[in-house]
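Chemist: Residue numbers (this note's numbering), protein chains in the order written: chain A, 609 to 947; chain B, 10 to 301. Cβ coordinates follow ideal geometry from the N, Cα and C atoms, glycine included. Predicted, not measured: the structure shown is a model, and the values here were computed from it.
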C-alpha cells in the first residue's frame with residue numbers, strides 16, 4: 609500500500625537521491641547510445657522518446673487523475689497538423705518557432721476540449737473524448753484543400769536552434785537523425801522533469817486524492833472539476849508537444865494520427881509500461897515503438913500480435929512492465945515491504 | 010419530389026442497419042455494463058461471413074433464392090462467436106475496473122480485424138447477386154432497388170422482435186432484472202452467467218445481422234467495422250447507452266442527419282455527427298432516453 613497520508617520526509621529523501629542518480633545514469637546512456645548504435649536504431653529511439661512524451665502526458669489523466677481518455681490522438685494530431693500548417697501557409701521552417709506556436713495551440717485546444725470533457729467521468733468521459741477527437745478527424749479527412757485529405761501534409765526537415773543547424777546538402781539525412789535525436793532527448797528530459805515536479809506537487813497529490821476518492825476530496829474543499837480541467841490541459845499539451853516533435857521526423861502528417869485507433873495506441877503505450885507508475889509510460893513508449901516496429905516488420909498481421917499482447921497484458925500483467933518489476937523487486941527485499 | 014422520397018428511403022435503410030448495430034451495443038452495455046469496442050468488428054464479420062457464403066453458394070450453382078437464406082445464417086455465426094467470446098475473454102473482467110474492460114475489448118478489436126484480413130484477404134467481398142433477386146421499383150422517374158425495402162423491413166422486424174423479447178417474455182424479465190441489479194438477480198436464483206452469455210450472443214447476432222443485410226448492397230471491406238463502431242457510438246450516445254428506444258431514435262437521427270449533410274455539406278458530414286453526439290453528452294449526459 610502506498611502511504612498517501614503521511615508525508616514522512618526523512619524516509620523519502622534517500623530513495624529520491626537514488627532515483628536522481630538512476631535518471632542521470634539513464635540520461636548518460638541515452639547521450640552516448642547514438643555513438644554505438646546505427647542510424648536506424650537512433651531514429652527508432654527518437655520515435656520511442658516521442659511516444660514516451662505522449663504517454664507521459666496521457667498518464668497524468670489515466671494514472672494520476674483516473675480519467676481514461678480515448679481521444680488523445682486529437683492533441684497529437686493538433687500538434688502535428690499545426691506545424692504542417694505553419695510550414696505550408698506561413699513558410700516557417702524553424703523548429704523553435706514550431707514549438708513556440710505549436711505548444712500554445714495544443715494547450716489552447718486542450719483547454720477548450722478539456723472544458724467540455726471534464727464534466728463527465730468514467731465511460732462517458734472516454735466516449736466524449738473519442739467523439740470530439742473524431743470531429744477533428746472528420747475535418748482533417750474531408751477539408752482536403754486545407755489538410756491534404758488522406759494524403760496528409762508533407763513536413764520538411766526544419767532548422768534547429770534558430771537556424772544555426774540546417775539539414776541540406778550531403779549526408780543531410782544522417783545529420784538530421786543525429787541532430788534531431790539530441791534535440792528530442794533534451795525536450796524529453798525536460799518533459800520528464802516537469803511531469804515529475806507536477807505529480808509530486810500539492811497539485812499532483814490533489815489529483816491522486818480525487819482519483820482515489822472523489823467524495824472525500826470534495827469534502828476537503830478541492831474544486832474537483834477545475835483540478836481535472838487543469839490536468840486535462842497539461843495532459844493534452846504534453847501529447848500535443850509529442851505530435852509537434854513527431855511530424856518532422858516522420859516527414860508527413862496524415863489523418864491517421866487523428867483517427868481513434870491511434871488513441872488506442874496511446875492507451876496501450878501507457879498500459880504496457882504500467883500506468884500506476886511514473887516511469888511506466890516512459891518505458892511503455894520505448895517498448896511499444898519497438899514492439900510495433902518489429903511486429904510490422906515481421907508479420908502482415910501485426911495488429912493481431914498487438915491485440916494478443918494487449919489482452920495478455922491486461923489479464924496477466926495489469927500493472928505493466930514497470931509495475932511487475934517493482935513487485936518483483938519488493939519480493940526480493942522483503943524487509944522493505946512494510947514501509 | 011421523388012428525390013425527397015428516395016432520400017427518406019435511403020435514411021430509413023441506413024437507420025435500419027445502424028439500429029441493428031447500435032441496439033446490440035446498447036443491449037450489451039445495458040445488461041453487462043461493458044462497452045464493447047469490438048462490436049463494429051463483429052458487424053464486419055457478419056458481412057464477410059455472409060458475402061463469403063453467398064459467393065461459395067453461387068459458385069456451387071445454388072439458386073439465388075436459397076442464397077438469400079444465408080443472411081440469417083451469417084448472423085447466427087456471429088452470435089456463436091459471441092457466445093464463445095463472452096465466457097472466455099470477458100467474464101474474468103466483470104470485477105475489474107472499467108478501463109480494463111475497455112482495453113480487453115480494444116485488444117479483441119485488433120485481433121478480429123486482423124483475423125478478417127487473414128481469412129478473407131484485403132480484397133472487397135461482395136454478395137450483389139442477392140440484390141438482383143428483388144425487382145427495382147419506380148419512384149416518380151427514378152429507379153430504386155427493391156432490396157433496400159427488404160433491409161428496412163428487417164430493421165423494423167428486428168426492432169419489434171427485440172422489444173417483444175425484452176418486454177414480453179420471461180427471458181426479458183430475467184434480462185432486465187440482471188441489468189438493474191446483478192447481485193439481487195443472482196440471489197433470487199437467476200443464472201446470471203447464462204443471462205450474460207445470451208445477452209452478449211443476442212447483441213452479436215444483431216451486429217452480425219446488420220453486416221449480413223448490408224453486404225448485398227455494398228461489399229465487405231477491411232476497416233468497415235471500425236467506422237461502424239464510431240457511428241454506433243454516436244447513435245447510443247444520442248439515444249442513451251443501454252436504452253432500446255434510444256438506439257432506435259438515435260439511429261433515425263444519425264441516418265437522417267447523415268443523408269441531409271451528404272446532400273448539402275458533404276465535407277463536414279462526419280464532423281457534424283460527432284458534434285451532435287458531443288452536444289447531447291453535454292446537455293444530457295445520459296442521452297435522450299438513457300436512465301443510467
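Kindly identify the DSSP beta-bridge partner or partners of residue 702(A).
Modeler: 767(A)
Chemist: What distance in whole Å lies between the Cβ atoms of residue 45(B) and residue 34(B), which are believed to be in contact at a cut-off of 8 Å?
Modeler: 6 Å
Chemist: Since residue 670(A) and residue 676(A) are thought to touch, with beta carbons under 8 Å apart, how far apart are those beta carbons, to the nearest angstrom?
Modeler: 5 Å
Chemist: For a contact defined as C-beta to C-beta under 8 Å, what are the partners of residue 290(B) on chain A?
Modeler: 728, 732, 735, 736 and 739
Chemist: Terminal residues of the continuous alpha helix (DSSP H) containing residue 783(A)?
Modeler: 780 to 808
Chemist: Distance cutoff 9 Å, beta carbons only. Does residue 241(B) sit that close to anything in chain A?
Modeler: No, no contact with chain A.
Chemist: Taking the Cβ atom as the reference point for each residue, do residue 74(B) and residue 58(B) lie within a distance shorter than 9 Å?
Modeler: no
Chemist: Taking only beta-carbon positions, decide if residue 874(A) is within less than 9 Å of chain B.
Modeler: no
Chemist: In whole angstroms, what separates the C-alpha of residue 99(B) from that of residue 110(B)?
Modeler: 8 Å
Chemist: Do you know how far the Cα of residue 750(A) is from the Cα of residue 740(A)?
Modeler: 16 Å
Chemist: For residue 612(A), count neighbouring Cβ atoms within 10 angstroms of its own Cβ and tell me buried if that reaches 16, exposed if not.
Modeler: Per-residue confidence for residue 612(A) stands at a pLDDT of 49, beneath the threshold of 50, marking its modelled position as unreliable; the derived number appears in the next sentence. Exposed.
Chemist: Beta-carbon separation of residue 661(A) and residue 796(A) under 9 Å?
Modeler: yes
Chemist: On the three-state DSSP scale, how would you describe residue 153(B)?
Modeler: strand
Chemist: Is residue 773(A) helix, strand or coil by DSSP?
Modeler: strand
Chemist: What is the rounded straight-line gap between the Cα of residue 91(B) and the Cα of residue 217(B)?
Modeler: 10 Å
Chemist: For the beta strand (DSSP E) that residue 735(A) lies in, which residues bound it at each end?
Modeler: It is not in any beta strand (DSSP E) - residue 735(A) instead sits in the alpha helix (DSSP H) that spans 730 to 750.
Chemist: Who pairs with residue 134(B) in a beta bridge, going by DSSP?
Modeler: In the DSSP output, where bridge partners are listed per residue, residue 134(B) has 229(B).
Chemist: Could you list which residues in chain A have their beta carbon closer than 7 Å to that of residue 109(B), in chain order?
Modeler: Within 7 Å Cβ-Cβ: 922 and 926.
Chemist: Anyone know if the C-beta pair for residue 747(A) and residue 277(B) falls short of 9 Å?
Modeler: yes
Chemist: Please return the same chain residues whose Cβ sits closer than 8 Å to the Cβ of residue 946(A), not counting the five positions on each side in sequence.
Modeler: Residue placement at residue 946(A) is flagged as unreliable, the pLDDT there being 46, under the threshold of 50; a coordinate-derived value is accordingly withheld.
Chemist: Helix, strand or coil, according to DSSP, for residue 927(A) in the structure here?
Modeler: coil
Chemist: Could you check how far apart the C-beta atoms of residue 27(B) and residue 263(B) are, in whole angstroms? I think they sit under 8 Å.
Modeler: 6 Å
Chemist: When the Cα of residue 42(B) is compared with those of 184(B), 234(B), 268(B) and 71(B), which residue comes out closest?
Modeler: 184(B)
Chemist: Given residue 16(B), which residues of its chain have a CB within under 6 Å of its CB, disregarding the five upstream and five downstream residues?
Modeler: Contacts found: 268.
Chemist: Which of helix, strand or coil does DSSP assign to residue 627(A)?
Modeler: helix
Chemist: Residue 904(A) CB to nearest chain B CB: under 9 Å?
Modeler: no
Chemist: Report the three-state DSSP secondary structure of residue 860(A) (helix, strand or coil).
Modeler: The three-state secondary structure of residue 860(A), taken from DSSP, is strand.
Chemist: Of all the options 255(B), 281(B) and 230(B), which has the alpha carbon lying nearest to the alpha carbon of residue 133(B)?
Modeler: 230(B) is the residue among 255(B), 281(B) and 230(B) whose C-alpha sits nearest the C-alpha of residue 133(B).
Chemist: Would you check if the region 823 to 837 of chain A and the region 693 to 711 of chain A touch, i.e. whether three or more CB-CB distances between them fall below 8 Å?
Modeler: As far as the Cβ criterion goes, the region 693 to 711 of chain A does not touch the region 823 to 837 of chain A, which means the pair count is below three.
Chemist: Identify, in the order they occur along the chain, each residue of the same chain with its Cβ nearer than 6 Å to the Cβ of residue 610(A), setting aside the five sequence neighbours on each side.
Modeler: Confidence is the limiting factor: at residue 610(A) the pLDDT is only 45, short of 50, which leaves the residue's position unreliable and the question unanswerable from this model.
Chemist: Who are residue 762(A)'s beta bridge partners in DSSP?
Modeler: 860(A)
Chemist: Any beta carbon of chain A sitting closer than 9 Å to that of residue 95(B)?
Modeler: So no, residue 95(B) is outside the interface.
Chemist: Assuming residue 909(A) and residue 127(B) form a contact by the criterion Cβ under 8 Å, report the distance between their Cβ atoms to the nearest whole angstrom.
Modeler: 6 Å
Chemist: From residue 964(A) to residue 763(A), what distance separates their C-alpha atoms?
Modeler: Outside the displayed range of chain A (609 to 947) lies residue 964(A), so it cannot be described from this structure.
Chemist: Which runs of the beta strand (DSSP E), 3 residues or longer, sit entirely within the region 73 to 123 of chain B?
Modeler: none
Chemist: Between the Cα of residue 94(B) and the Cα atoms of 64(B), 245(B), 135(B) and 37(B), which residue gives the shortest distance?
Modeler: 37(B)
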